[in-house]
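Engineer: Got a structure for you, written out below as structure tokens; questions coming shortly.
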Amino acid sequence: MPKVSSITRVLEIIEAVSYASKPLSPLELSQELDIHKPTMHRLIQNLVDEGFVTVDIGGGIIPGKRVRNLSVELWQQRQFFNERQMVLHKLVEEVKETCGIAIPYYMDMLYTNRAQTALPLQIYLPVGAKSPMWCTATGKLYLSQLSATSRNKILQSLPLDKFTKNTITDIDALNKELDHIAEMGVGIDNEEFISEMVAVSVPILDKKSRYLASLYIHAPTVRLSLDELLTHVPRLQAAAQDIQSLVYELQS
Numbered sequence: 004m005p006k007v008s009s010i011t012r013v014l015e016i017i018e019a020v021s022y023a024s025k026p027l028s029p030l031e032l033s034q035e036l037d038i039h040k041p042t043m044h045r046l047i048q049n050l051v052d053e054g055f056v057t058v059d060i061g062g063g064i065i066p067g068k069r070v071r072n073l074s075v076e077l078w079q080q081r082q083f084f085n086e087r088q089m090v091l092h093k094l095v096e097e098v099k100e101t102c103g104i105a106i107p108y109y110m111d112m113l114y115t116n117r118a119q120t121a122l123p124l125q126i127y128l129p130v131g132a133k134s135p136m137w138c139t140a141t142g143k144l145y146l147s148q149l150s151a152t153s154r155n156k157i158l159q160s161l162p163l164d165k166f167t168k169n170t171i172t173d174i175d176a177l178n179k180e181l182d183h184i185a186e187m188g189v190g191i192d193n194e195e196f197i198s199e200m201v202a203v204s205v206p207i208l209d210k211k212s213r214y215l216a217s218l219y220i221h222a223p224t225v226r227l228s229l230d231e232l233l234t235h236v237p238r239l240q241a242a243a244q245d246i247q248s249l250v251y252e253l254q255s
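Each number in our numbering corresponds to the 1-based position in the sequence shown with 3 added.
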């Protein structure tokens with residue numbers, strides 16, 4: 004059997020950690036990648052020192068700052084950014100309201116794409132802006148996709164500040180809401196982040212049906228109610244499928 008280089012081993016560890024649905028222990032990585040435990044511990048420590056992976060509070064290995072930043076940069080490559088924008092502009096023409104894409108980034112949601120409505124009353128959340136997870140349609144959708152252990156770990160770390168009278172700040176109530184969103188497959192913001200703004204979102208998935216991002220639409224309540232906004236969910240889902248097709252091309 005040909006000898007596997009250290010560079011290949013390092014890349015395999017980063018890949019395994021990035022694809023894992025939960026934090027992996029050094030032993031799990033050692034068994035999955037068939038790397039001797041002493042070698043695995045040495046490689047992990049090097050990756051931790053360089054910021055490519057980090058160790059969570061439970062001792063599991065998770066992607067570090069440099070991997071997270073790299074994933075955002077790859078997602079934002081001009082060619083793929085422009086292709087997503089074409090899908091969004093078509094969606095805005097259909098629903099007449101602002102649409103966009105947000106991805107989880109540390110403890111926030113990061114807006115990576117946006118197509119603005121031409122209607123006079125607008126809510127401005129530009130590309131590059133961040134929003135809280137617990138009170139936005141995009142963030143709540145992301146949280147709803149997580150395992151109970153991962154979700155509760157994140158909820159315990161979030162400040163759960165109250166932005167409006169509708170913001171859910173009780174963890175039990177929020178978990179119940181997230182369970183409901185998981186069943187629906189649709190994220191909902193009922194004036195929870197910004198007063199007089201409602202939003203809904205649907206997931207963008209990869210080839211293995213894993214969550215990648217949230218595709219959203221939002222509107223001022225003087226123009227659309229939440230129930231009216233929910234009628235656009237089938238159009239959102241169709242657009243999400245179009246974006247997923249672009250992702251599948253990248254993964255081929």
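Even glycine gets a Cβ: it sits at the ideal position worked out from N, Cα and C.
Just mark ILE10 as buried or exposed, buried being the case when its beta carbon has 16 or more other beta carbons within 10 Å.
Structural biologist: The residue is exposed, with fewer than 16 neighbouring Cβ atoms inside 10 Å.
Engineer: On the premise that ILE184 lies in contact with SER147, defined as a C-beta separation below 8 Å, what is that separation, rounded to the nearest angstrom?
Structural biologist: SER147 to ILE184, Cβ: 4 Å. Contact.
Engineer: In three-state terms, what does DSSP make of LYS210?
Structural biologist: Note: LYS210 maps to coil in three-state DSSP.
Engineer: Can you check which of these residues, ASN49, MET187, ASP192, LYS210, is closest to LYS168 by C-alpha distance?
Structural biologist: The shortest Cα separation from LYS168 among ASN49, MET187, ASP192, LYS210 belongs to ASP192.
Engineer: Would you kindly work out how many angstroms separate the C-alpha atoms of HIS44 and ILE174, rounded to a whole number?
Structural biologist: Taking the straight line joining both Cα atoms gives about 36 Å.
Engineer: Are the beta-carbon atoms of ARG12 and LEU249 separated by less than 8 Å?
Structural biologist: No, Cβ-Cβ distance for ARG12 and LEU249 is not below 8 Å.
Engineer: Bridge partners for LEU113 per DSSP, in chain order?
Structural biologist: Looking at the DSSP assignment, LEU113 forms a beta bridge with ILE106, LYS133.
Engineer: Considering only residues of the same chain and omitting the five flanking positions on each side of ASN116, which have a CB-CB separation below 8 Å?
Structural biologist: Excluding sequence neighbours, ASN116 sits near PHE84, ARG87, GLN88, LEU91, GLY103, ILE104, VAL130.
Engineer: Nearest by alpha-carbon distance to PRO66: which of TYR109, VAL98, HIS39 is it?
Structural biologist: Of the candidates TYR109, VAL98, HIS39, the one whose C-alpha sits nearest the C-alpha of PRO66 is TYR109.
Engineer: Work out the CA separation of ILE64 and GLN159 for me, nearest whole Å.
Structural biologist: Between GLN159 and ILE64, the C-alpha separation is close to 19 Å.
Engineer: First and last residue of the beta strand (DSSP E) that includes ASN193?
Structural biologist: Here the beta strand (DSSP E) through ASN193 covers 190-193.
Engineer: For the candidate residues SER33, THR120, ALA132, whose alpha-carbon lies nearest to that of LEU113?
Structural biologist: Comparing Cα positions, the closest option is ALA132.
Engineer: Taking VAL225 as the reference, which of ARG213, ALA140, LEU177, MET200 has the closest Cα?
Structural biologist: Measuring from the Cα of VAL225, the nearest candidate turns out to be MET200.
Engineer: Whose C-beta lies closer than 7 Å to the C-beta of VAL20 among residues of the same chain, with five residues either side of it excluded?
Structural biologist: Only LEU27, VAL56, ILE64, ILE65, PRO66 meet the Cβ criterion.
Engineer: With which residues is PRO66 paired in a DSSP beta bridge?
Structural biologist: PRO66 pairs with VAL56.
Engineer: Using the rule of at least 16 other Cβ atoms within 10 Å of the residue's Cβ for burial, across every protein chain shown, is ARG213 buried or exposed?
Structural biologist: When all chains shown are included, ARG213 counts as exposed.
Engineer: Specify, as a first and last residue, the run of the alpha helix (DSSP H) that GLU2 falls within.
Structural biologist: Shown here, the chain extends from 4 to 255; a query on residue 2 therefore has no answer.
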